[in-house]
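For reference, the structure discussed in these notes is given below.
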Amino acid sequence: MTTAQNNKKNNSTMSTNTTPAGNCGCNAPKPSPAYPAQVTGMDILARALRMVGIDTMYGLVGIPVTDFSYIAQDRGIRFIGFRHEQQAGMAAATHGYLTATPGVLLTVSSLGFLNGLTATANATVNCYPMIQISGSSVREPIDLLQGTYEGLDQLNIAKPLVKAAYRVNKPQDIPTAVVRAYRAAISGRPGGVYLDVTTPCLGAIMDSAEAEKLFFEPVDLCPAAPPAPAAVTRAMQLIASAKKPAIIIGKGAAYAKVEDKLDKFVKATGIPYLPMSMAKGVLPDNGPLSALSCRSTVMEESDVVILAGARLNWLLSRGQGKWNPDTKFVQLDIEPTEIDCNRHISAPVIGDLSSTLDAMLKALPDYKMSMDPAWVPSLQTQTKEKNAKFAQRLTDNANAQPMNHWTALSAIKPVLEANPDVILVNEGANTLDDTRDAVDMSLPRHRIDCATWAIMGMGMGSAIGAAVATGKSVVAIEGDSAFGFSGMDFSTICRFKLPVTVVIFNNGGIYNGIGVNLSGNGDPAPTTLDVTARYDKLGDAFGAKTYYVTTPSELSAALNEAIALRGPVLIDVQLGADSGKESGHIGYLNPEALEHITV
Ligand code: ADP
Ligand code: TPW
Ligand code: MG
6 MTTAQNNKKN NSTMSTNTTP AGNCGCNAPK PSPAYPAQVT GMDILARALR MVGIDTMYGL
66 VGIPVTDFSY IAQDRGIRFI GFRHEQQAGM AAATHGYLTA TPGVLLTVSS LGFLNGLTAT
126 ANATVNCYPM IQISGSSVRE PIDLLQGTYE GLDQLNIAKP LVKAAYRVNK PQDIPTAVVR
186 AYRAAISGRP GGVYLDVTTP CLGAIMDSAE AEKLFFEPVD LCPAAPPAPA AVTRAMQLIA
246 SAKKPAIIIG KGAAYAKVED KLDKFVKATG IPYLPMSMAK GVLPDNGPLS ALSCRSTVME
306 ESDVVILAGA RLNWLLSRGQ GKWNPDTKFV QLDIEPTEID CNRHISAPVI GDLSSTLDAM
366 LKALPDYKMS MDPAWVPSLQ TQTKEKNAKF AQRLTDNANA QPMNHWTALS AIKPVLEANP
426 DVILVNEGAN TLDDTRDAVD MSLPRHRIDC ATWAIMGMGM GSAIGAAVAT GKSVVAIEGD
486 SAFGFSGMDF STICRFKLPV TVVIFNNGGI YNGIGVNLSG NGDPAPTTLD VTARYDKLGD
546 AFGAKTYYVT TPSELSAALN EAIALRGPVL IDVQLGADSG KESGHIGYLN PEALEHITV
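In case it helps, our numbering puts the sequence shown at residues 6 to 604.
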């Protein structure tokens, strides 16, 4: 009998009591007095997680967390087992982003911990709330470097990469540790939290009656953080004085679920908006006040820009470059240290966006806007022109053979726009940029991509997290290189029979498949993959419905069928190897030295 089975038999006391928090959903009968009155740290951990409302865990198990995963599953925590910890972490992060509660990742010690930590670090950078729980080995030989099993000083390695890191050494501390990790993940600016649980702590035994006293009902796990009234007044005065104002909506606004409040504010003031990539759809991309196609004009001409849950980071040229040096910024953010980090912010408003927008909406009747009446019409005219040009580009490429990115997207765009409730996951270089530009979003939190770090290798994990957290259909549009980072976890989509369609744009490489090996030694060029690879056969191996498509009409039919199927589907889209260009070439730093590079 495994420890987990043993546990199930002997230690039911913890799982059968009603919970103080009342939100764990365990409605089992009262414990029988015949049960041995002892529990392990693993029981306590499972119970503590349920008490704060955790109902799903993503992970990959082994020593020392296997038994814990069985216990947690038994106690009503859905366990989604992955093939690689990084992907389980991406799933947990996406779960956190979409639900505004921490996603949970479970890893084993040493390499499993490190594999998962990449995703927890990425979650921290992106302000997604998640908790990585990792088993760790016995501490004493780790600290003395005595070569213990999977010995690694995990807590200290995690610290610089996460929002907060804790270690729990004894079962008595587990409920407190879980609540602290939870609060750290979602309070203020959300982020990744590391919770180290040592093997002795997991395996320790306590009397149930004593353990029962450890649990408490945490009050207000994510408190509102209303802004200071003076900050709201300062911001409103500046906004009311603006001739050419604009709102930049970031994924912080998507996370905060403030679409209705933003909509009210935009409608009441008439101020146009511009979404960042993952904020597409918070307000409709093609709404009358959308300035999505006028990014340069906003940067060059707006006199007052409101940043709503968006950082002035590299994705907004750090407020430099094209930006008008006279533009004044209002920044609505929960994180005070974000203010002035790249550019002077005239009116910072620190608070949670929901409270902040409430305060701004309440103040609005006291102000009269001074917007130039020609500003919005000029953006609308420009939008029409830009969109017509863009549509022409899609039409011009619609029948190209072999297909290029635009051909494929001319087929995909109408299908996705006719299914607005499908969540779109997207990574790659050209595959990312072109899909983002081509597909209009009309619902919030329906676009998840490689985001702030522009990392490859979020695709399968994020698609799984999105499908599990929402129950919605997901379409992941992946470059062939991007897919390679997480491809094996397509099998996880299949094992859990998730409604996820993976569309792979195969142009045979990173950026494209026509790189040239300058040495002539016969090896592939650094950017070259395999344009003849049949990714659909990988899907066949795991029982997915698969398609190999070479024309836009095949692609459109396949995608429609796939979405209707609501199960695992892989569509291998054959592009030409010459489709796509290198992005972010650093040749401008030294044009002469790098001009011979052929990608
Ligand atoms: P994008 O990439 O879409 O521009 P960023 O990730 O750069 O978005 O910025 C998101 C911002 O939103 C962060 O500065 C973060 O502090 C902020 N944020 C996150 N949650 C909230 C919230 N509930 N209220 C206000 N600001 C928030
Ligand atoms: C973790 C560098 C940026 S974009 C990209 C790589 C490897 C792949 C682009 O090729 P793909 O798309 O996906 O086939 P397409 O349509 O342009 O051909 N390692 C990590 N992150 C990043 N960003 C890279 C490498 C990179
Ligand atoms: Mg490619």
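Just so it is clear, CB atoms sit at the ideal spot from N, CA and C, and this is done for glycine as well.
Original post:
Hey, V303 and A236: beta-carbon distance below 8 Å or not?
Top reply: Taking the sequence shown and counting its residues from 1, one reaches residue 303 at position 298. Taking the sequence shown and counting its residues from 1, one reaches residue 236 at position 231. Between V303 and A236, the C-beta spacing is not below 8 Å.
Original post:
Is A582 near the ligand TPW, with its Cβ less than 7 Å from a heavy atom?
Top reply: Along the sequence shown, one-based indexing puts residue 582 at 577. Not so, every heavy atom of the ligand TPW lies at least 7 Å from the Cβ.
Original post:
Do V310 and I253 come within 8 Å of each other at the CB atom, strictly closer than that value?
Top reply: Taking the first residue of the sequence shown as 1, we reach residue 253 at position 248. Taking the first residue of the sequence shown as 1, we reach residue 310 at position 305. Yes, they are a contact pair.
Subject >> Three-way DSSP call (helix, strand, coil) for T280 in this model >> reply: Residue mapping note: residue 280 aligns to position 275 of the sequence shown, counting from 1. In the sequence under discussion, the amino acid at residue 280 is Pro, which differs from the Thr named in the question. Three-state DSSP puts P280 in a strand.
Original post:
Considering only the beta carbon of each residue, do M62 and L111 sit closer than 8 Å?
Top reply: Your numbering for residue 62 matches position 57 in the sequence shown. Your numbering for residue 111 matches position 106 in the sequence shown. Yes, the pair counts as a contact, with Cβ atoms nearer than the cut-off.
Original post:
Residues bridged to K333 by DSSP?
Top reply: Position 328 of the sequence shown holds residue 333. Answer is V309, bridged to K333.
Subject >> Ranges of the beta strand (DSSP E) found wholly within the stretch 38-122, counting only runs of at least 3 >> reply: Fully enclosed beta strand (DSSP E) runs of 3 or longer: 43-45, 61-64, 83-86, 108-112.
Subject >> Test item: CB-CB of I191 and L226 under 8 Å >> reply: Here residue 191 corresponds to residue number 186 of the sequence shown, with the count starting at 1. Here residue 226 corresponds to residue number 221 of the sequence shown, with the count starting at 1. A contact, by the Cβ cut-off of 8 Å.
Original post:
What are the boundary residues of the beta strand (DSSP E) that P205 is part of?
Top reply: The sequence position of residue 205 within the sequence shown is 200, counting from 1. Per DSSP, P205 belongs to no beta strand (DSSP E); it is in the alpha helix (DSSP H), 204-208.
**OP:** Determine the closest residue to S351 out of A364, Q336, P341, with distance taken between C-alpha atoms.
**Re:** Here residue 351 corresponds to residue number 346 of the sequence shown, with the count starting at 1. For S351, the nearest C-alpha among the options comes from Q336.
Subject >> Those runs of the alpha helix (DSSP H) which lie wholly inside the stretch 209-248 and span at least 4 residues >> reply: 213-217, 234-246
Original post:
What three-state label does DSSP hand L149 in the structure shown?
Top reply: In the sequence shown, the residue the question calls residue 149 occupies position 144. L149 falls in the coil class under three-state DSSP.
**OP:** Please state whether DSSP places M463 in a helix, a strand or coil.
**Re:** For the purposes of this step, residue 463 is identified with residue 458 of the sequence shown, where counting begins at 1. DSSP places M463 in coil when its eight states are reduced to three.
**OP:** Measure the alpha-carbon distance for A416 versus A216 and round it to whole angstroms.
**Re:** Here residue 416 refers to the residue found at position 411 when the sequence shown is read from its first residue. Here residue 216 refers to the residue found at position 211 when the sequence shown is read from its first residue. Using only the alpha carbons, I get a separation of about 59 Å.
Original post:
Skipping 5 residues on each side, what residues in its chain have a beta carbon closer than 6 Å to that of Y540?
Top reply: What you label residue 540 is simply residue 535 of the sequence shown in a count that begins at 1. Within the same chain, Cβ atoms closer than 6 Å to the Cβ of Y540 are found at I509, D577, the five residues on either side in sequence being excluded.
Original post:
Helix, strand or coil: which one does DSSP assign to F510?
Top reply: Here residue 510 refers to the residue found at position 505 when the sequence shown is read from its first residue. F510: strand per DSSP, three-state reduction.
**OP:** Under 7 Å Cβ to Cβ from D268, same chain only, skipping five residues before and after it: list those, please.
**Re:** Within the sequence shown, the letter at position 263 stands for residue 268. For D268, where only same-chain residues beyond five positions count, the Cβ hits under 7 Å are L288.
Subject >> Straight-line gap, A258 to G292 (C-alpha atoms, nearest Å) >> reply: Residue numbering aside, residue 258 sits at position 253 when the sequence shown is read from its first letter. Residue numbering aside, residue 292 sits at position 287 when the sequence shown is read from its first letter. Answer to the nearest angstrom: the Cα atoms are 17 Å apart.
**OP:** Identify every residue that forms a DSSP beta bridge with R450.
**Re:** In the sequence shown, the residue the question calls residue 450 occupies position 445. The partner list for R450 (beta bridge, DSSP) is empty, contrary to what the question assumes.
Original post:
Does the distance from the CB of P449 to the CB of V479 come in under 8 Å?
Top reply: Position 444 of the sequence shown, counting from 1, holds the residue named residue 449. Position 474 of the sequence shown, counting from 1, holds the residue named residue 479. For P449 and V479, no; Cβs fall outside 8 Å.
Original post:
With distances taken from CA atoms, which of T556, S447, D438 is nearest K586?
Top reply: Reading the sequence shown from its first residue, position 581 is the one you call residue 586. If we check each option's Cα against that of K586, D438 comes out closest.
Subject >> Exposure of S375, with buried meaning 16 or more beta-carbon neighbours within 10 Å >> reply: Translated into positions along the sequence shown, residue 375 becomes position 370. S375 is exposed by the Cβ-count criterion.
**OP:** Reducing DSSP to helix, strand and coil, say where E483 ends up.
**Re:** The residue given as residue 483 occupies position 478 in the sequence shown. Strand.
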